[in-house]
Amino acid sequence: MSDITKQSLTELVKNIRNKKLSSTDITKAFIDRSEKSKELNVYITEDFTSALDKAKKFDQKPNLDLKLPGIPMAVKDLFCTKDVKTTAGSKILNNFVPTYESTVTDNIWKEGAILLGKLNCDEFAMGSSNETSFFGNVQNPIDKNLVPGGSSGGSASAVAGQLTPITIGTDTGGSIRQPASFTGTVGLKPTYGSCSRYGIVAFASSLDQAGPMAQNVKDCALLQEVISTYDLKDSTSIDFKRNQYSKELTNNIKGKKIGIPKEYRVDGMPKEIEDLWQKGIQYVKDCGAETIDISLPHTSYALPTYYIVAPAEASSNLARYDGVKYGFRAKGENLIDMYEKTRSEGFGAEVQRRIMIGTYVLSSGYYDAYYLKAQKVRKLIKNDFDEAYKKVDAILTPSTPSSAFKIGEKTNDPVSMYLNDIFTVPVNLAGLPGISIPAGHDSKGYPLGLQIIGKAFDEQNILNIAFAMEEKINFKNKITDWWIK
Amino acid sequence: MSKKNSEYLINRKDNQYEVVIGLEVHAQVLSESKLFSTSATKFGAEPNTQVSLVDAAFPGMLPVINEFCVKQAIKTGIGLNAKINKRSVFDRKNYFYADLPQGYQISQFKDPIVGEGKVILDMPDGQKEVGIERLHLEQDAGKSIHDLDPQNTFVDLNRSGVALMEIVSKPDLRSPDEVSAYIKKLRSIMRYLGTCDGNMQEGSLRADVNVSVRAKGSKEFGTRCEIKNVNSIKFMQMAIEYEANRQVDLIEEGKSIDQETRLFDTKKNETRSMRSKEDAHDYRYFPDPDLLPLEVSDEFVKEVKNNIPELPDDKKKRFIDEFKLSPYEATILVSDIDTAKYFEEVVAKMGKNKDMKLAVNWITGELFAVLNNKNLEISQSPVSAKNLAILVNLIKNGTISGKIAKTVFELMLDGDKDPQKIVEEKGLKQQSDPKAIEALIDKIINDNREKAIEYKQGKEKLFGFFVGQAMKASGGKANPQLINEILKKKL
């Protein structure tokens, strides 16, 4: 059954339901492939023995009414999982084993899924290449020494490399959509407030959002259906009517108005990206939708705004990692010395950089000029979208300004690294849903993604557009299994 | 010397200085659970037994506002005659300390839940209004324990996340006595409302005291120093006294006062510099992104308002109007909610033919003396309000004299005995039969003929002698009023 891992979630669920496959068969297949794929370095923590036990248990008394019946899956190591080490890709949490479960993963296990392990990511989700992880680089299954993007790089590689049928990531500025784009997979960042943040290691609270990653849109819709719940344990969780995203999925997008924002045509954008975008426009037209040129005038301010708001919140959110209560602690002469050593040794360079930026922009005397101004610009960016949505139902843009780059290529140039998120960041600032779907390849054969941005709570609509486009695009990911000897 | 007896001035050679004081009172919200978690808040529990994952700031844990604490803050705001802000914002106050698990305290900075208000103080020379700047909700920190081990500090997080109300006064206070009256008034209001137990020993009420001095008559404020975390009224008064004099001495020496945070050393009775303005923390306040702005509806505020009990100022007014008490008596009786409750119960139990004055005198006199001696709260009074009411009635209807009542009261202390029964069992009932007293007096006049003649000749002082004899003969039980009347007739 070597082709089990090639099956989509939808196929696996079907095969379990019609008893062609057992949970044990599927779990074994993904474990076997994962064992052979150590070179990708996608796992921080493997939980294979326990996964097999759970699969066997499931098979003894299978509940086939569940949405993810006996489906094994690995999750980003930013989600707290009860009794399974949760590191957030950081040395400072290298020994941290939660006694509790995040709401999102809890929703997943309740629907019958089984944890395979915890996936590599940028440290505290701060990065766009998975190179800031304390646990090392992740290889992109597309090509050797290619970054998978980040911060959900391990998640994207695991799905693209077929080490897990589906996964979940988190997206603060593009951390689901950019790696999805780099690995030829589908990634959805839901509306802020759609998925509970309870039990997710926080990066920037007003931007963080968990979301599904999969090989296709339908799988993504099914997983979104499972993870999106109103949660009283998260005060920013929103109680809105959630669709049965997979059941209500349709490729009929006739008459939909799709906005094309001119400000996303940025200086120095490779022609391939522009061509891809034009192809995308043609695809939606082919599906019967209409495209309309729109303007999102404050787009160019999104990145600087993001790099004030996100580090500000992060500098405060990460204050709890102080060596006092849990996690790594360095020996110190006194309390302050212990703090300094713990945090200097426990956090990597990028995390320290963002803590410094965040501390700076919140300092008295600078607060008004940076943080407060950034909040105002954030409002303007949101207003741009509100205005646009008076005319259109969704917005189509490229997911990233380039395809995946080589490991080490941008590590010494943080700003060029930050520029990777130029198309994804505005969506987080405005709290909107956005999905990246693979739409083509560049000259090197690396995947490129298109992003569809929706109105708040309108996940169904962008999933439908993505579903319709997916059919037309008929994208085939080129996975050669180069890492398997 | 000043004209008004409550004016507090510091004199140096030719100069007189006025002291300006503002308080930041931290009052623990009376609530079963914490401000953002469901952990218990009981005082004195084993260390770290009332700590949730939220309180200990585990990764991914999020605060969820406790609606009851919001209600309590609004209630207190109403009690302080203050503006209730329908929209308030929780901010993070960032600083590192071992007993601050999040690395920040969730507080309210720019937009507090309660705005400006006022409280009225009853001072010996009249009423004084003290402005309230604001009241905001915030989390308490945990407790660092440094004296259990020579090398290590221990941390108890039971208090971490407990809801506090920070009540900031305007710089309207001018003396240690006013500070005392202000704290007592705040405590009284919050105890009436049931929003804070006001227990200073357990740390439920503590204050940061801002002190500055200025030449008498000056309108400008001097440089202030903040004395942190003082936990008794006595210490506040001592700290102010010390600090004001310290500042005056500096000015007299031609030196300037540094704006700084100081600590009060209760053993040495002095304040000490803790950190200067330059070393002041930059708390990097910003709105907590884990919490939405707190919005309360008109209905919510209205519902809280409708459930506000009678507060001390209103009660005082009613005691004066309805029970004809003097303002002084009313002030004493309403100052503490339990005293007021006790008094009102006595009034209720006395029934129709009641002597209000007598009841007040017995409560503020004999009862308070006993409570003071035994170091008891009125809620622990050995004599119940019901039995005190009976005792007062026994005096009022002439069953016993005031003097005998004192004996009866002594006997009541042991097990809250019914005074009626004591009077019966010990035969202490007052002799009020005019015929019996007449007979008794006849005998005394007969036995003291010469003295009776002397009295008639003008030696009026002897009247007292006859009263004393009659009292003695009756074993102290004869109605003194009747004795007087009959003696006057007979002599």
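So the sequence lines, in the order shown, correspond to chains A and B.
Using our numbering, the first residue of the first sequence is number 520, and each one after it goes up by one.
Using our numbering, the first residue of the second sequence is number 5, and each one after it goes up by one.
Beta carbons: idealized from backbone N, C-alpha and C, even for Gly.
Runs of the alpha helix (DSSP H) spanning 4 or more residues and lying entirely within the stretch 522 to 552 of chain A occur at 528 to 536, in chain order.
For the stretch 35 to 58 of chain B, residues whose beta-carbon sits nearer than 7 Å to a beta-carbon of chain A comprise Leu57. Contact annotation: the stretch 706 to 717 of chain A touches the stretch 741 to 750 of chain A, with at least three C-beta pairs closer than 8 Å.
Taking a contact to require three or more Cβ pairs closer than 8 Å, the stretch 543 to 550 of chain A and the stretch 573 to 588 of chain A qualify as touching.
When secondary structure is reduced to three states using DSSP, Ser148(B) falls in the strand class. Pairwise C-beta distances place the stretch 81 to 97 of chain B out of contact with the stretch 149 to 162 of chain B, as fewer than three of them are shorter than 8 Å.
DSSP places Tyr287(B) outside both helix and strand once states are collapsed to three, so it counts as coil.
According to the DSSP assignment, Tyr108(B) belongs to the beta strand (DSSP E) that extends over 108 to 111. In the structure shown, the three-state DSSP call for Asp18(B) is coil. For Ser216(B), no alpha helix (DSSP H) encloses it; the enclosing beta strand (DSSP E) starts and ends at 209 to 219. The CB of Gly718(A) comes closer than 7 Å to the CB of Gly64 in chain B, given here in chain order. Three or more beta-carbon pairs separated by less than 8 Å link the stretch 635 to 646 of chain A to the stretch 596 to 607 of chain A, which places the two stretches in contact. The C-beta of Ala145(B) comes no closer than 8 Å to any C-beta of chain A.
Burial is judged here by how many other beta carbons sit within 10 angstroms of a residue's own beta carbon; Asn98(B) has at least 16 and is buried. Exclusion of the five residues before and after Ala723(A) leaves Thr691, Ala829, Glu832, Ala833 as the residues of its chain whose Cβ lies within less than 6 Å of its Cβ.
Under the 8 Å criterion on CB atoms, Tyr108(B) is classed as interfacial with respect to chain A. Remark: fewer than three beta-carbon pairs, one from each stretch, lie closer than 8 Å, so the stretch 652 to 664 of chain A and the stretch 893 to 904 of chain A are not flagged as touching. Contacts between Val68(B) and chain A, judged by CB atoms closer than 9 Å, involve Leu751, Lys752, Asp753, Ser754 in chain order.
In the structure shown, the three-state DSSP call for Lys909(A) is coil. One finds Pro63 in chain B with Cβ atoms closer than 8 Å to the Cβ of Leu612(A), taken in chain order. Within 7 Å of the CB of Glu832(A), the CB atoms of chain B belong to Pro293, in sequence order along the chain. Listed along the chain, the chain A residues whose CB falls inside 8 Å of the CB of Arg96(B) are Ser835. Across the stretch 275 to 299 of chain B, CB contacts with chain A closer than 7 Å involve Asp286, Arg288, Phe290, Pro293, Asp294, Leu295, Leu296, in sequence order along the chain.
Interface annotation, Ala60(B): in contact with chain A, CB-CB separation under 8 Å. The CB of Ala838(A) comes closer than 8 Å to the CB of Asn98, Phe100, Gln106, Gly107, Tyr108 in chain B, given here in chain order. Judged by DSSP secondary structure, Met732(A) falls within the beta strand (DSSP E) whose first and last residues are 729 to 733.
Look at the stretch 779 to 825 of chain A and you find these whole runs of alpha helix (DSSP H), each 4 residues long or longer: 790 to 805.
Taken in chain order, the complete beta strand (DSSP E) segments of 3 residues or longer contained in the stretch 690 to 765 of chain A are 705 to 708, 729 to 733. The beta carbon of Ile813(A) is closer than 8 Å to those of Gly778, Ile779, Pro780, Lys781, Ala907, Lys910, Val911, Ile914 in its chain, skipping five residues each way along the sequence. Membership of Ser173(B) in the beta strand (DSSP E) is indicated by the continuous run 167 to 173. In the structure shown, Thr564(A) adopts extended strand secondary structure according to DSSP, grouped into three states. By the Cβ rule, the stretch 207 to 215 of chain B counts as touching the stretch 21 to 31 of chain B, because three or more pairs are nearer than 8 Å.
Counting only runs of at least 4 residues, the stretch 385 to 427 of chain B fully encloses the following alpha helix (DSSP H) elements, listed from N- to C-terminal order: 389 to 400, 406 to 416.
For Glu428(B), the closest of Ala440(B), Ala393(B), Gly419(B), Leu415(B) by C-alpha to C-alpha distance is Leu415(B). At a cut-off of 8 Å between C-beta atoms, Leu854(A) counts as an interface residue with respect to chain B.
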